[in-house]
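In numbering that gives the first Met the number 0, the protein residues as written are 0 to 301. Every residue, glycine too, gets a C-beta built ideally from N, C-alpha and C. Computed from a predicted model, the values in this text were never measured in an experiment.
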Amino acid sequence: MDGADPLVEHLLARCTFPPAGTPVTCAVSGGADSLALLVLATAAGCEVTAAHVDHGLRDGSAAEAARVATVATRVGAAFWGVRVEVRPGGNLEARARAARYAALPADVLTGHTADDQAETMLLNLIRGAGLDGLAGIRPEGRPLLRLRRAETRALCDALDLEPFEDPSNASADHRRNRVRHELLPLLDEVGERDVAAVLARQAVHLRDAADHLAGEAAAIDPTDARAVGAAPPVLARIAVRRWVAEATDLGHPLDAAAVDRVLAVARLEARAADLLGGWRVARRAGRLRLVPPEVQAGDPTT
Numbered sequence: 000m001d002g003a004d005p006l007v008e009h010l011l012a013r014c015t016f017p018p019a020g021t022p023v024t025c026a027v028s029g030g031a032d033s034l035a036l037l038v039l040a041t042a043a044g045c046e047v048t049a050a051h052v053d054h055g056l057r058d059g060s061a062a063e064a065a066r067v068a069t070v071a072t073r074v075g076a077a078f079w080g081v082r083v084e085v086r087p088g089g090n091l092e093a094r095a096r097a098a099r100y101a102a103l104p105a106d107v108l109t110g111h112t113a114d115d116q117a118e119t120m121l122l123n124l125i126r127g128a129g130l131d132g133l134a135g136i137r138p139e140g141r142p143l144l145r146l147r148r149a150e151t152r153a154l155c156d157a158l159d160l161e162p163f164e165d166p167s168n169a170s171a172d173h174r175r176n177r178v179r180h181e182l183l184p185l186l187d188e189v190g191e192r193d194v195a196a197v198l199a200r201q202a203v204h205l206r207d208a209a210d211h212l213a214g215e216a217a218a219i220d221p222t223d224a225r226a227v228g229a230a231p232p233v234l235a236r237i238a239v240r241r242w243v244a245e246a247t248d249l250g251h252p253l254d255a256a257a258v259d260r261v262l263a264v265a266r267l268e269a270r271a272a273d274l275l276g277g278w279r280v281a282r283r284a285g286r287l288r289l290v291p292p293e294v295q296a297g298d299p300t301t
């Protein structure tokens with residue numbers, strides 16, 4: 000590793016890669032986090048393939064793929080790249096993410112760090128996404144979740160790797176960037192501590208609590224209006240959130256207000272309600288059902 004062995008060993012001690020010899024695919028955009036993922040996965044002894052998804056949204060994106068391929072060769076990993084089409088329009092970031100994950104294998108490893116965890120928790124808190132949202136990013140498939148962004152950058156520097164800097168990461172148009180560049184530094188100043196580290200630790204405890212309650216909520220049939228209406232609210236909310244997350248393409252936990260609208264339908268306080276992204280919930284013959292955006296608004300709801 001060109002003299003970076005002590006740093007690699009130090010970082011690997013806090014990573015959660017599968018056993019040596021395990022075939023893994025790493026999503027590598029060319030940023031510092033994903034390059035560190037690639038380096039550390041190979042150092043862990045995994046049989047690594049670096050996967051690069053070109054969204055075609057920037058001039059020179061093909062050069063980014065070539066750079067990832069070069070690094071993959073240097074560390075002894077295989078490489079494959081794919082180009083996806085993301086049409087211009089609203090919520091471009093979310094649609095690009097959906098296209099990226101659709102092109103990658105389900106068990107792909109990503110380079111999310113503790114800093115990403117803290118940002119996600121704050122974003123979910125702002126959205127009112129409940130306990131699941133505060134539990135943040137799940138650790139499965141995220142072997143770097145206990146590392147810091149500064150550490151992935153330090154590893155790239157030690158190996159003389161030049162990460163690609165996505166210009167959109169500096170844009171105030173994206174809420175995550177404002178959390179990263181404005182909110183977290185302010186919280187650090189107010190709290191006189193490293194708040195991202197505190198949040199990342201809290202995510203572990205909140206995830207344990209969320210998993211325990213989810214086990215109890217699993218006994219509730221979320222399509223049975225009577226069962227949902229009669230269940231303890233904390234369990235009913237969890238059952239509803241899981242149901243909607245699994246049955247729709249919303250991509251994030253339902254916010255608290257939308258969950259309450261579902262509960263109102265279950266309790267016979269409303270016949271139907273809007274959720275998010277054009278989805279609706281409706282009640283018919285005592286059963287709750289999710290109505291996708293493409294269904295006409297005049298579809299029967301009783």
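Asked, Found
"Check for me: the beta strand (DSSP E) holding Glu303 runs from which residue to which?", "Here the chain comprises residues numbered 0 to 301, so residue 303 is not present and cannot be evaluated."
"Per the DSSP calculation, Phe78 is bridged to which residue(s)?", "Ala49"
"Looking only at its own chain, which residues have a Cβ that is under 7 angstroms from the Cβ of Cys155, when we skip the five neighbours before and after it?", "Ala31, Leu34, Ala35 and Pro162"
"What three-state label does DSSP hand Leu124 in the structure shown?", "helix"
"Identify every residue that forms a DSSP beta bridge with Asp210.", "None, per the DSSP bridge assignment."
"Quick check: the Cα distance between Trp79 and Arg96, rounded to an integer number of angstroms?", "18 angstroms"
"Taking contact to mean at least 3 C-beta pairs separated by less than 8 angstroms, is the region 141-161 in contact with the region 221-236?", "no"
"In the DSSP assignment, find the alpha helix (DSSP H) that holds Arg240 and state where it starts and stops.", "Pro232 to Ala246"
"Contact between the region 198-209 and the region 119-135 is defined here as three or more beta-carbon pairs at a separation below 8 angstroms; is this criterion met?", "yes"
"With Ala26 and Val81 assumed to form a contact (beta carbons below 8 angstroms), what rounded beta-carbon distance in angstroms separates them?", "Actually they do not touch by this definition, with Cβ atoms about 11 angstroms apart."
"In this structure, what does DSSP give as the bridge partners for Cys25?", "Ala49 and Leu108"
"Spatial neighbours of Arg99 within its chain, please: C-beta separation below 6 angstroms, excluding the five flanking residues on both sides.", "Val52"
"Please list, in chain order, all residues of the same chain as Val243 whose beta carbon is under 6 angstroms from its beta carbon, the five residues on each side excluded.", "Leu253"
"Considering only residues of the same chain and omitting the five flanking positions on each side of Ala281, which have a CB-CB separation below 6 angstroms?", "Ala271, Arg288, Val290 and Thr300"
"So is Leu144 buried or exposed if we call it buried at 16+ other beta carbons inside 10 Å?", "buried"
"Return the chain-ordered list of same chain residues with a C-beta closer than 6 angstroms to the C-beta of Ala269, the five sequence neighbours on each side being excluded.", "Ala263"
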